[in-house]
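Only one structure is covered here, and it is reproduced in the block below.
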Ligand code: F6R
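Residue numbers (the UniProt record's numbering): 244 to 609.
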C-alpha cells in the first residue's frame, strides 16, 4: 500500500497534488463560482451571512485561522476562529446572522461536534462544514457541506487534509465575496485559475525535498525551535510548529514575528533555530527587520522565501526559495516545506512518524 514511500505521512504529503485536483474537480472549467457546490440550499444562506464563526481543533483550527485573513480581506466579512474545546464552554455572545463553519478531517472530533451543538443552542442556525469523510457525524449535522477529497488520511499528522481544507476555504471565500458584490469578474476568473493551478504549483514545491533533507540534518539534535510568520503566514508558522512537535518531539512554538521583541527574543541564542515563513508580500520588509533581531543574538535562521523575495543568504542565514510567488494562496504553498521539514527531522531522530506517542488519529473523546 505504501508503494515507493517509507511512511504514510510521506505518501500523504506527496499525494497533495492529486488530493487538491480531486477536491477541485467539481469546479470543471467554469469561470464563475457556484454557491451550489456547498449544498442545494446554500445560496440564500451564504448571501445572508453577516459574519463567520469558524470552529475546529488542531490542524483544522490552523486552516480556520488562515481563512480568516481571506474572509476579511476578500469577502469583507468579520470572522472569528475558535478552538472548539474552548468555545463550547465559554459564555459567548451569539448573533443569528452568523455563518458557523466547522472544519474537520475526520468529522468525528468530539469537541468540534459539541461546539457545533453549542452554537446551534445559542440560536445560530446557519451552519456549514468542510470535512474529508462524507459519512461522518459532522456531515450529518450540517445541511451545507463541502467534502474535501483528500482520500483516507492514515498518518496521525494531518497533511493533505489541511491543504484541501484551505482550498475549500478559499473557494468559500470567493463564493461569499461574489454574493456580496465584492468580486469583479476578472478577480473571480483569477481566483479560480489560481485554485486550478494549485496541483502543479504544489508539485513544484515538493521538488524542494532534497534541500529540506539537508536542513533536517542540521536540526535534528536541537531541543527547541521557533517558527515565525506574519499576516496569513502566521497560522502556517503555527502549523509548522505543531507538525514538528507532534512527530519529532522537539519543542516548537510559533510567533507572529512582530511579537518577538515582546518576550520570546530572550530565548534566542545559537542553540535556538528559527524558521521563518517569508514570501514576498507587504509584510516582508517588516519581517526582515525581525529576522535581523534574531541574527544579532546568534540565532540560526532557516527562511522559506519565494522567487520574488529580495533576500540573500549569509552566515547563519539559510534561504530556500519556493519556485513561484502565489498571492493569497501562498499560505497553502508554504505549508508543504514545513511538512517535509518535520518529516525529515523525524527520520533523522528515528521517531515513529505515522504513530507519534500519546496521540490518536481521531479524537472522539473530550
Ligand atoms: C495534527 C492533527 C490534529 C487534528 C485534530 C482535529 O496533525 O492531526 O491536530 O487536526 O485532532 O482533527 P479533525 O480535523 O479530524 O477534526
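We put the beta carbon where it would ideally sit given N, CA and C, even for glycine.
| Check | Outcome |
| --- | --- |
| Backbone CA spacing between residue 419 and residue 290 [nearest angstrom] | 7 Å |
| Touching by the beta-carbon criterion (3+ pairs, under 8 Å), the region 305-312 and the region 466-481 | yes |
| Beta bridge counterpart(s) of residue 546 as assigned by DSSP | 519 and 562 |
| Length of the line joining the Cα atoms of residue 531 and residue 342 | 37 Å |
| Heavy atom of the ligand F6R within 7 Å of residue 301 beta-carbon | yes |
| Residue 496 in three-state terms, based on DSSP | strand |
| Residue interval of the alpha helix (DSSP H) (run including residue 258) | That residue, residue 258, is in no alpha helix (DSSP H); it is neither H nor E in DSSP. |
| Residue 335: CB within 7 Å of a non-hydrogen atom of the ligand F6R | no |
| heavy atom of the ligand F6R below 7 Å from residue 606 C-beta | yes |
| Cβ shell of residue 517 (< 6 Å), same chain only, five flanking positions each side left out | 469, 537, 542 and 544 |
| Residue 386 and residue 323 closer than 8 Å at C-beta | no |
| Residue(s) in a DSSP beta bridge with residue 468 | 495 |
| Nearest-angstrom Cβ-Cβ length linking residue 370 and residue 359, presumed shorter than 8 Å | 6 Å |
| Proximity to residue 250 [Cα-Cα], best of 595, 554 and 262 | 595 |
| Reduced DSSP category for residue 628 - H, G, I as helix; E, B as strand; rest coil | Residue 628 is absent from the model: the chain starts at 244 and stops at 609. |
| Nearest neighbour of residue 502, chosen from 493, 580 and 472 [CA to CA] | 472 |
| Within 8 Å, strictly: CB atoms of residue 277 and residue 321 | no |
| Expected contact under 8 Å - CB spacing of residue 549 and residue 568 to nearest Å | 5 Å |
| Presumed contact (8 Å Cβ cut-off) between residue 325 and residue 298, rounded CB distance | 6 Å |
| Reduced DSSP secondary structure (H/G/I, E/B, other) of residue 479 | helix |
| Identified DSSP bridge partners for residue 324 | 297 |
| Distance between residue 460 and residue 491 (C-alpha atoms, nearest Å) | 13 Å |
| Any non-hydrogen atom of the ligand F6R closer than 7 Å to residue 258 Cβ | no |
| For residue 426, the residue or residues it bridges with in DSSP | Looking at the DSSP assignment, residue 426 forms no beta bridge with any residue, so it has no partner. |
| Own chain, CB closer than 7 Å to residue 556, minus 5 neighbours either side, in chain order | 562 |
| Near the ligand F6R: residue 348 beta-carbon under 7 Å from a heavy atom | yes |
| For residue 312 and residue 423, believed in contact at Cβ under 8 Å, the rounded distance | Not really, about 17 Å apart at Cβ, beyond 8 Å. |
| Residue 529 burial status per 10 Å Cβ neighbour count (16 or more: buried) | exposed |
| Simplified DSSP state of residue 373, which is helix, strand or coil | strand |
| Residues bridged to residue 342 [DSSP beta-bridge criterion] | 295 |
| Residue 410 vs residue 441 beta-carbon contact at 8 Å | yes |
| Inter-residue spacing [alpha-carbon to alpha-carbon] between residue 413 and residue 608 | 30 Å |
| Range covered by the alpha helix (DSSP H) that runs through residue 588 | 573-592 |
| Inter-residue spacing [alpha-carbon to alpha-carbon] between residue 446 and residue 265 | 14 Å |
| Cβ pair residue 432, residue 262 closer than 8 Å | no |
| Close beta carbons around residue 258, own chain, < 8 Å, minus the five adjacent residues each side | 393, 394 and 403 |
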